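K.L.:
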Amino acid sequence: MADDSAKLIEEEGQWHLVAKELEDENLKLASYDNTLLPLLGDLKGKKVLDYGAGPGVLALAIKRLGGDIVVYDINPDMLKSAGEKIGSENIFHSIGEIPQNTFDIVICNLVVCIVSEDEVKEIVHNITAALNTDGTAYIGFCNPKIFNIPESNLDLRFQTGDGYEVNHRYKKVKKEGGYEIIEDHRPIEWYEGVYKDAGLTLVDKYFTPEYELKGNKVQDFIIFKLKKA
Ligand SMILES: C[S@@+](CC[C@H](N)C(=O)[O-])C[C@H]1O[C@@H](n2cnc3c(N)ncnc32)[C@H](O)[C@@H]1O
10 MADDSAKLIE EEGQWHLVAK ELEDENLKLA SYDNTLLPLL GDLKGKKVLD YGAGPGVLAL
70 AIKRLGGDIV VYDINPDMLK SAGEKIGSEN IFHSIGEIPQ NTFDIVICNL VVCIVSEDEV
130 KEIVHNITAA LNTDGTAYIG FCNPKIFNIP ESNLDLRFQT GDGYEVNHRY KKVKKEGGYE
190 IIEDHRPIEW YEGVYKDAGL TLVDKYFTPE YELKGNKVQD FIIFKLKKA
């Protein structure tokens with residue numbers, strides 16, 4: 010149920026308001042992070058950029074696995090929190106600081122589904138520029154295919170009546186943390202067009218493990234694996 014006193018995150022610059030909640034999202038971690046990390050393979054000595062790293066939970070996991078991890082986030086409070094985990098020297102405060110043609114792996118998790126269409130294009134362009142010629146990007150977010158289910162293990166969703174093919178925004182209440190967000194729904198095919206236009210080739214698509222809730226089959230997240238064309 011919507012709660013009038015719940016925090017509402019409706020713009021990309023507001024995520025510091027729920028930094029603590031993001032750090033404690035164990036269900037998200039079990040679903041998303043545990044799907045993504047094995048896909049990354051042996052991280053030892055790999056140059057990895059986490060784009061939109063939030064408080065740095067995944068970045069810390071990558072550091073512990075031997076990855077040479079650096080992060081960027083639009084939000085200074087998030088960067089501070091991530092810096093406390095992986096070292097403040099491993100943080101980029103602006104896009105201009107991110108070296109180009111450098112990274113073996115760029116990850117971008119749960120970011121492009123909360124920003125405008127133009128910003129998605131900008132982020133995908135920046136990710137492409139940061140990858141080295143043989144680099145791989147993993148861009149993941151909430152599975153657009155389940156946009157019309159009212160409830161998952163992670164959240165309650167308010168339907169707008171718009172169809173799958175229609176880009177639209179809708180509200181979610183996060184079960185972990187109890188805060189509300191406005192999410193952008195866009196079909197998978199829309200994202201695939203953006204990747205192609207930016208010069209990325211789709212290698213594969215992965216979904217987090219399926220479960221059943223109230224009669225609906227749910228896979229919470231999608232992760233795209235992409236290479237520079
Ligand atoms: C839902 S959190 C996800 C954090 C983290 N990637 C994770 O998996 O837990 C979204 C993050 O994206 C950041 N963000 C929003 N817009 C951004 C942008 N245009 N560029 C970079 N980061 C952005 C927010 O500040 C926030 O830290």
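Just add 9 to the spot in the sequence shown (first one is 1) and you have this note's numbering. Glycine included, each C-beta is placed from N, C-alpha and C at the ideal position. Just so you know, these numbers come straight off a predicted model, no measurement behind them.
#1: Does the Cβ-Cβ distance between Lys-205 and Ile-231 come in under 8 angstroms?
#2: Does the Cβ of Ala-11 have 16 or more other Cβ atoms within 10 Å, making it buried, or fewer, making it exposed?
#3: Confirm the yes/no value for this check: CB of Tyr-60, any heavy atom of ligand 1, distance under 7 angstroms.
#4: Compute the minimum distance between the beta carbon of Asn-24 and the heavy atoms of ligand 1, and state whether it is under 7 angstroms.
#5: Helix or strand or just coil, what does DSSP make of Glu-174?
#6: Around the Cβ of Leu-52, are there at least 16 other Cβ atoms within 10 angstroms (buried) or fewer (exposed)?
#7: Between Pro-47 and the rest of its own chain, which residues show a CB-CB distance below 6 angstroms, the 5 nearest in sequence each way excluded?
#8: My understanding is that Ile-123 touches Glu-185, with C-beta atoms under 8 angstroms, so please give their C-beta distance in whole angstroms.
#9: Is Tyr-236 helix, strand or coil when you go by DSSP?
#10: I'd like to confirm the pairing. Which residues does DSSP put opposite Phe-216 in its beta bridges?
#11: Hey, out of Ile-132, Val-175 and Ile-197, whose CA is closest to Ile-105's CA?
#12: Is the beta carbon of Tyr-81 closer than 8 angstroms to that of Ala-68?
P.N.:
If we stick to the structure as given:
#1: For Lys-205 and Ile-231, no; Cβs fall outside 8 angstroms.
#2: Reliability of the predicted coordinates at Ala-11 is poor, the pLDDT of 48 falling under 50, and no value is obtained from them.
#3: yes
#4: It is Trp, not Asn, that sits at residue 24 in the sequence shown. Yes, since a heavy atom of ligand 1 falls inside the 7 angstroms radius drawn around the Cβ of Trp-24.
#5: Glu-174 falls in the coil class under three-state DSSP.
#6: buried
#7: none
#8: 16 angstroms between Cβ atoms; not a contact.
#9: Correcting the residue identity first, residue 236 is Lys in this sequence and not Tyr. In this structure, DSSP gives Lys-236 an extended state, which the three-state scheme calls strand.
#10: Ile-231
#11: Just to set this straight, residue 105 is Gly in the shown sequence, not Ile. Taking only the C-alpha atoms, the option nearest Gly-105 is Ile-132.
#12: no
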